[in-house]
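Heads up, the thing below is written out as C-alpha cells.
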Amino acid sequence: MKIFIDTANVDEIKKLTGLGIIDGATTNPTLLSKEIARQYPDYSSFSKSKILEESKKILFEICELVKGPVSAEVIATDSDGMVKEAEELSKIHENIVIKIPFTPEGLKTTKILSSKGIRVNMTLVFSPSQALLSAKAGAAFVSPFTGRLDDISHWGMDIIRVVVDIYNNYGFDTEVLVASCRHPLHVVESALAGADIITVPPGVLEKLLKHPLTDIGLERFISDWKKVFGE
Ligand code: G3P
Numbered sequence: 001m002k003i004f005i006d007t008a009n010v011d012e013i014k015k016l017t018g019l020g021i022i023d024g025a026t027t028n029p030t031l032l033s034k035e036i037a038r039q040y041p042d043y044s045s046f047s048k049s050k051i052l053e054e055s056k057k058i059l060f061e062i063c064e065l066v067k068g069p070v071s072a073e074v075i076a077t078d079s080d081g082m083v084k085e086a087e088e089l090s091k092i093h094e095n096i097v098i099k100i101p102f103t104p105e106g107l108k109t110t111k112i113l114s115s116k117g118i119r120v121n122m123t124l125v126f127s128p129s130q131a132l133l134s135a136k137a138g139a140a141f142v143s144p145f146t147g148r149l150d151d152i153s154h155w156g157m158d159i160i161r162v163v164v165d166i167y168n169n170y171g172f173d174t175e176v177l178v179a180s181c182r183h184p185l186h187v188v189e190s191a192l193a194g195a196d197i198i199t200v201p202p203g204v205l206e207k208l209l210k211h212p213l214t215d216i217g218l219e220r221f222i223s224d225w226k227k228v229f230g231e
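Quick note on numbering: the sequence shown equals residues 1 to 231 in the working numbering.
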C-alpha cells in the first residue's frame with residue numbers, strides 16, 4: 001500500500017520524507033491556504049495572482065520533496081473554470097495530479113481532463129456510486145473521505161471495502177486513495193481492505209512510528225547489555 005502525506009506544510013514534509021516511506025502527497029484548499037498563511041503573515045494583502053504564484057511555488061517544492069504524485073485542488077466549480085485551472089496547475093510539475101470535487105460539473109471535467117492525459121484525483125467522495133462514476137470518468141485516483149463519514153456515525157471504512165470490490169469486479173485502473181484519515185487504525189484497516197493508497201496527516205504518521213512496548217524493550221536491551229559490558 002502506498003502512503004501519501006496529507007498536508008501542504010513543507011516543513012512537516014521535509015521532516016517526514018527522510019523516513020523513506022512516503023510515496024506522494026495530497027493537498028486541498030484548506031491545507032494549501034493554511035500553508036500560505038503560515039509562510040506569509042502578510043497574506044491578506046495578496047492579489048489573486050500573488051496567491052496563485054505562491055501556491056505554485058509551494059506545490060512545486062512539495063513535488064520535489066516527495067518525488068511522487070502530488071494532488072492540487074481546483075477552486076472553480078464550473079467545468080470550464082476547472083479545466084482552465086487544471087491546465088494551469090498541471091504545468092507546475094510532472095507529478096501534479098488535479099483534485100476535482102465529485103459534482104456533475106466535476107464529473108464532466110474529469111472526463112475532459114483524463115482524455116487530455118491529465119491525471120485526476122476525484123475528491124469529496126462519500127459513496128460507492130460516486131466512486132463507480134469517478135472510475136467511469138477516467139479518474140486516476142478516487143478519494144473516499146473515511147474520517148468524515150465516521151464523524152457522522154457512518155462506518156467510513158465500509159465504503160473502502162465496497163469500492164475495492166467494485167473496482168476489482170471490473171478491472172478499473174482507478175486507484176483507491178483513502179482520505180480523511182483520523183488515526184493509525186484507518187491505515188491498518190485500509191491495508192486490510194486492499195486500498196491502493198492512504199493519505200495520512202503528519203500527526204497520524206507520527207503515531208504510526210511509536211509503540212510503548214518497543215521503547216520499553218529497547219531500553220531493556222541496552223540496559224542489560226550495559227550491565228554486562230558497562231557504558
Ligand atoms: O485530502 C483530504 C483530507 O485532507 C480531508 O481530511 O481531516 O479534512 O476530513 P479531513
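Ideal Cβ placement from N, Cα and C applies to all residues, glycine included.
Fair warning: this is a prediction, and the values are worked out from it, not measured in the lab.
Beyond the five residues adjoining it in sequence on each side, ASP78 comes within less than 6 Å, by CB distance, of GLU105 in the same chain, given in chain order. The three-state secondary structure of VAL178, taken from DSSP, is strand. In this structure, the C-beta of ASP150 stays at least 7 Å away from each heavy atom of the ligand G3P. Within the chosen limit of 7 Å, the ligand G3P reaches the beta carbon of ASN28 through at least one heavy atom. Distance from the Cα of PHE141 is smallest, within the candidate group GLU12, LYS210, LYS99 and ILE3, for LYS99. In the three-state reduction of the DSSP assignment, SER143 falls in the strand class. In this structure, the alpha-carbon of LYS50 lies about 42 Å from that of ALA193. Look at LYS91 here: in three-state DSSP terms it is coil, with no helix or strand label. Taking C-alpha positions only, THR146 is separated from ASP165 by approximately 16 Å. According to DSSP, THR199 shares a beta bridge with PHE4. LEU209: not part of any beta strand (DSSP E); DSSP gives it neither H nor E. Taking C-beta separations shorter than 7 Å and ignoring five residues to either side along the sequence, the partners of LEU124 in its chain run PRO101, PHE102 and PHE145, following chain order. About 23 Å separates the CB atoms of VAL66 and ILE160; that is not less than 8 Å, and the two are not in contact. Between the beta-carbon of VAL74 and that of ALA86 there is about 6 Å, and that keeps the pair under the 8 Å contact cut.
Using a Cβ distance threshold of 8 Å, LEU133 and LEU107 count as a contacting pair. Where ILE100 is concerned, the enclosing beta strand (DSSP E) starts and stops at 96–101.
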